[in-house]
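One structure below.
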Amino acid sequence: MMTTESSQQMNRDIIPIITVSSAAYLKYALVMIWSVMQCGDREKRYAFYIFHDELTAEHQAWLKTQLRSWDNCDLSFLDIRELEKVFLPKTGDWEGKSACFSLFSVDFLQQYDKALALDVDLIVRRDVAALYDTELGDALLGAVCDLDFIGQWRKGNKKYRHYYRCSVPLSDPSTYIQSGVLVLNLSGLRQRFPPGFFIQIAAKAKYQYDDQDIWNQYCAGCIKRIDYRWNVLHDNNRYRVRYVIDLAPKAEVEQYRRSRQSPFIIHYAGDQKPWNDVGCDLGEAFWSVANQTPVADELPSPAAKQRLPKWLQPIWLIRHECSRIYSKLYIKMWRR
Numbered sequence: 039m040m041t042t043e044s045s046q047q048m049n050r051d052i053i054p055i056i057t058v059s060s061a062a063y064l065k066y067a068l069v070m071i072w073s074v075m076q077c078g079d080r081e082k083r084y085a086f087y088i089f090h091d092e093l094t095a096e097h098q099a100w101l102k103t104q105l106r107s108w109d110n111c112d113l114s115f116l117d118i119r120e121l122e123k124v125f126l127p128k129t130g131d132w133e134g135k136s137a138c139f140s141l142f143s144v145d146f147l148q149q150y151d152k153a154l155a156l157d158v159d160l161i162v163r164r165d166v167a168a169l170y171d172t173e174l175g176d177a178l179l180g181a182v183c184d185l186d187f188i189g190q191w192r193k194g195n196k197k198y199r200h201y202y203r204c205s206v207p208l209s210d211p212s213t214y215i216q217s218g219v220l221v222l223n224l225s226g227l228r229q230r231f232p233p234g235f236f237i238q239i240a241a242k243a244k245y246q247y248d249d250q251d252i253w254n255q256y257c258a259g260c261i262k263r264i265d266y267r268w269n270v271l272h273d274n275n276r277y278r279v280r281y282v283i284d285l286a287p288k289a290e291v292e293q294y295r296r297s298r299q300s301p302f303i304i305h306y307a308g309d310q311k312p313w314n315d316v317g318c319d320l321g322e323a324f325w326s327v328a329n330q331t332p333v334a335d336e337l338p339s340p341a342a343k344q345r346l347p348k349w350l351q352p353i354w355l356i357r358h359e360c361s362r363i364y365s366k367l368y369i370k371m372w373r374r
């Protein structure tokens, strides 16, 4: 029979990690998980809980097969549609459901007092056990500030400010956090909020940034700041840093810029991803991992550019430039 002491030791050696994936993103989920395992400790177990609303038994078996070389990697699949039935009177396709995956963990990972939440579009370069060991104290979350948001807020867009004063009232917008990497105090959240609270909130209202807005609204003042290196946003379309992040407070911008020199996690948040754009900032980190996975030959690689006839190669550059201009115009329109 397992003693209380041995049970506690076992729990310390398990790192629960929550993420989400669709069928279309399954290969990229594999790369993210592979990066976690590659940097992990063989003496610890990394338990991934993948929230989804469409992955078939075949999809699930496929992902497990690709990761079979990591014997300390556990995969569990949780269908959001089944979880909804517990707390929602009427289930269905409510907007942003898949983007609210971290909210489900509060009620459905009762076996854990703490967990990590990682977006699928990122690459890990340091053992996340160190992040999991973050001492939260009374804080409900551990996260980095979202300098993309803060930069846009300081620019003074009227629609943006109205939304975050009325729909998602924020007491201090300068502390708004990025939810792509979270340390979750599950026991603290369960003590503070009634069962099903976050799922019901997400299903009733429309949020521009889904779970990120909800975490910021309801956990404000109870969030522990973690090192920016644990969630380094890439320079989306080579526009984000110069025209958005640089508008944030100088001290925060300096921390972010230092974090880019030795990132623990690189987060490709935004429309530009390393698998669809050869010019993606910090994209080489993604491919350094992707090329070691069983699906390396199935992913669109920057090397494809070199395989194109010379007369077609400029198309790659034109595509990248158009993407950059589109992003610039979109942000300008949003700020008006």
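Counting from 39, one number per residue, gives the positions in the sequence shown under the numbering used here.
Cβ coordinates follow ideal geometry from the N, Cα and C atoms, glycine included.
query: Could you tell me the distance, in whole angstroms, from the CA atom of Val74 to the CA atom of Gly317?; result: 24 Å
query: Look at the Cβ atom of Trp268, then the Cβ atom of Leu169, and state whether they are nearer than 8 Å.; result: yes
query: Quick check: what's the CA-CA separation for Arg163 versus Asp112?; result: 20 Å
query: To the nearest whole angstrom, what separates the beta carbons of Leu64 and Leu101, a pair I think is in contact under 8 Å?; result: 6 Å
query: If you run the structure through DSSP and keep just helix, strand and coil, what is Thr57?; result: strand
query: Can you pull the DSSP bridge partners for Val162?; result: Ile303
query: Give the DSSP-derived three-state secondary structure of Lys123 in the structure shown.; result: helix
query: On the premise that Ala241 lies in contact with Leu126, defined as a C-beta separation below 8 Å, what is that separation, rounded to the nearest angstrom?; result: 6 Å
query: Please report how far the alpha carbon of Leu178 lies from the alpha carbon of Val144, in whole angstroms.; result: 11 Å
query: Is there contact here, the region 244 to 253 with the region 297 to 310, by at least three beta-carbon pairs under 8 Å?; result: no
query: May I ask you to report which of helix, strand or coil DSSP gives Cys257?; result: coil
query: For the region 79 to 91 and the region 193 to 204, state whether three or more C-beta atom pairs, one from each stretch, are separated by less than 8 Å.; result: no
query: Among the candidates Phe146, Ala95, Phe142 and Asp159, whose CA atom is the shortest distance from the CA of Ala323?; result: Asp159
query: Tell me the rounded alpha-carbon separation between Leu220 and Lys152.; result: 10 Å
query: Look at the alpha carbon of Ser114 and the alpha carbon of Ala95, and state the distance between them as a whole number of angstroms.; result: 12 Å
query: Whole angstroms are fine: how far does the CA of Arg83 sit from the CA of Ile53?; result: 6 Å
query: Give me the residue from Thr331, Tyr306 and Ser217 with the minimum Cα distance to Arg278.; result: Tyr306
query: For Lys262, which residues of its own chain have a beta-carbon under 6 Å away from its beta-carbon, when the five flanking residues on both sides are left out?; result: Leu174, Ala177 and Gly180
query: Buried or exposed for Ala286, please, with buried defined as at least 16 other CB atoms from any protein chain shown within 10 angstroms of its CB.; result: buried
query: If you count every other CB in all the chains shown that lies within 10 Å of the CB of Asp10, and 16 or more means buried, which is it?; result: With the chain running from 39 to 374 in the structure shown, residue 10 is simply not present.
query: For Gln149 and Ile71, I'd like the C-alpha separation in whole angstroms.; result: 22 Å
query: So what does DSSP say about Phe86, is it helix, strand or coil?; result: strand
query: Any idea which residues DSSP pairs Tyr154 with across the strands?; result: The question names Tyr, yet the displayed sequence has Leu at residue 154. The partner list for Leu154 (beta bridge, DSSP) reads Ile55 and Val221.
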